[in-house]
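In this note's numbering, each number is its position in the sequence shown, counted from 1, plus 120.
We treat Cβ as the ideally placed atom computed from N, Cα and C, and that holds for glycine.
Structure record follows, encoded as structure tokens.
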Amino acid sequence: MKRILSQSIKFIAPLLLLVSYWSFGQDTIPAPILVDSMVVDSVVIDTIVIRRTVDKIYSPRKDVNLKIPNIDFSKTKTLQKGFSRFRVPSFWETENSFGINVSEVAFVNWNAGGDNAVSGLGFLKFARKYKFSNFQWDNNLELRYGLNAQDGRKLRKTEDVIRLSSNLGFRKDTISNWFYSVQLNFNTQFSNGYKYPDRDTPISRFMAPGYLLFGAGTSFITKDQKFNLYLSPLTQKSTFVLDQDLADNGAFGVNEAILDVDGNILTPGENHLLEIGILITNNFNYNVAENIELKSRLNLYTDYIKSFGNIDVDWELNLNMKVNKFISTSLGTQMIYDDDILFDIVKNDNGTILNPGIPKIQFKQILAVGILYGF
């Protein structure tokens, strides 16, 4: 092997001399070639070293633009909205709305006859919803009041509602729609109610009646919160009649006053009625079409002790049609049945009740066009 390597080097050396001779021209003496020698295991190896220096040439990258760019703001636009300040994210969702619905009819030399009339209804709604992890807390307050003015008669009330509801729920995980819930509902009215045209004897007043329901159960709430079903096997219902005249008459289910033969009050009527029973509530929102929403609120209650199986019903159904940002139209109905609210009561001259009356279905229908403003 060593012998072959030595012979190969001796053969390449003259070849390199010949190449250098042709490279520099035949009339030019070729540059000297340095030949070093070293001994490897007593074998001489000739090494040829050729050195050549090349100057480095700097060339800029083709993608580099060495020109100064021209800046032009002629096509830029100003901000349509100012910068919004950073706010810490909140777990509360708020909803505030105010509305006025007005209806009017006027006649001038109208052969068919009729009375001029104006009706107005104002309402306020406040909603506060807290949602964090497995907790959810919904609070709603609704205030409504309406009046009607007609030629030849005094103002009459058409709507009177104070309604507060609060539901606190907890679920085991964020996937489930079932919550362990505690719910509170409160209902009453602002002013006196009359059976027109009688304006001397009110049939209802503020906190007469007033209803407070408080209980625990379970709720099924969808993620979009448009369907809410609450089931409570244990709910306390308190009926308040703080007007003593109505309490003495036994209005709204409270124990009436005990009278003597001459009609004098021996024991005044009670102002509070306590019941324990089952409560089922349902709130449902459905978008029928664009800007048309159907809302349903249903309350069902039955008492365990006094009248189990006799269900109190409060069902409100509203169809809201939004014309634009501020104008809306609503068509609503409400049906109430409560066996503690009696009609057609018959009394003698001493005030003794001859016929306690019977419960009846109460029904209300409203069609209104007005202004709706959210803030």
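8 Å contact criterion, which residue i and residue j should meet: CB distance rounded
| i | j | result |
| --- | --- | --- |
| Ile430 | Thr422 | It should be noted that the sequence gives Asn, not Ile, for residue 430. So it is a contact: roughly 6 Å between Cβ atoms. |
| Ser296 | Asn260 | In fact, because the Cβ distance is near 23 Å, the residues do not count as touching under 8 Å. |
| Val361 | Val374 | 5 Å |
| Asn307 | Ser339 | With a Cβ gap of about 20 Å, Asn307 and Ser339 do not count as contacting. |
For residue j and residue i, the rounded distance between their alpha carbons
| i | j | result |
| --- | --- | --- |
| Asp235 | Glu224 | 11 Å |
| Pro209 | Glu215 | 17 Å |
| Phe372 | Asp432 | 12 Å |
| Ser239 | Thr359 | 31 Å |
| Tyr331 | Val302 | 17 Å |
| Ala367 | Glu376 | 6 Å |
| Asn312 | Ser253 | 45 Å |
| Gly477 | Ile461 | 9 Å |
| Leu393 | Arg325 | 17 Å |
| Arg248 | Gly383 | 50 Å |
| Ser352 | Leu418 | 14 Å |
| Gly397 | Ile447 | 42 Å |
| Arg319 | Gln256 | 46 Å |
| Tyr265 | Val443 | 23 Å |
| Glu413 | Asp280 | 23 Å |
| Gly337 | Tyr300 | 6 Å |
| Phe334 | Asp365 | 27 Å |
| Arg283 | Phe211 | 24 Å |
| Asn231 | Asn391 | 53 Å |
| Leu451 | Leu437 | 8 Å |
| Lys274 | Ile378 | 36 Å |
| Leu420 | Asp434 | 7 Å |
| Ile323 | Arg205 | 54 Å |
| Asp363 | Glu213 | 38 Å |
Buried/exposed call for residue i, threshold 16 Cβ in 10 Å
| i | result |
| --- | --- |
| Glu395 | buried |
| Gln309 | buried |
| Asp344 | exposed |
| Thr321 | exposed |
| Pro388 | exposed |
| Asp293 | exposed |
| Ala409 | exposed |
| Leu487 | exposed |
| Asn229 | exposed |
| Asn468 | exposed |
| Tyr406 | exposed |
| Val489 | exposed |
| Phe97 | Within the shown structure, residues of the chain are numbered from 121 to 495, placing residue 97 beyond reach of any answer. |
| Ala328 | buried |
| Ile341 | buried |
| Asn305 | buried |
| Lys445 | exposed |
| Lys357 | buried |
| Leu474 | exposed |
The alpha helix (DSSP H) enclosing residue i, as first and last residue numbers
| i | result |
| --- | --- |
| Asp365 | 364-368 |
Sub-8 Å separation of residue i and residue j beta-carbons
| i | j | result |
| --- | --- | --- |
| Thr453 | Gln485 | yes |
| Phe404 | Phe347 | yes |
| Leu244 | Leu267 | no |
| Tyr493 | Phe246 | no |
| Tyr350 | Thr401 | yes |
| Met441 | Ile481 | no |
| Arg276 | Tyr250 | no |
| Thr355 | Leu399 | yes |
| Ser427 | Asp464 | no |
| Gln270 | Ala237 | yes |
| Gly220 | Ile491 | A quick correction: the sequence has Ile, not Gly, at residue 220. Cβ atoms of Ile220 and Ile491: closer than 8 Å. |
Continuous beta strand (DSSP E) stretch holding residue i: start and end
| i | result |
| --- | --- |
| Ile456 | 447-457 |
| Pro353 | 347-360 |
| Lys245 | 237-252 |
| Phe340 | 330-341 |
| Thr278 | 273-290 |
| Tyr421 | 412-423 |
| Tyr406 | 392-409 |
| Met441 | 432-442 |
| Lys484 | 482-494 |
| Ala269 | 255-270 |
| Asn475 | 473-475 |
beta-carbon residue i near the ligand ADP non-hydrogen atom, thresh 7 Å
| i | result |
| --- | --- |
| Asn348 | Looking at this structure, you won't find the ligand ADP or any other ligand, since it has none at all. |
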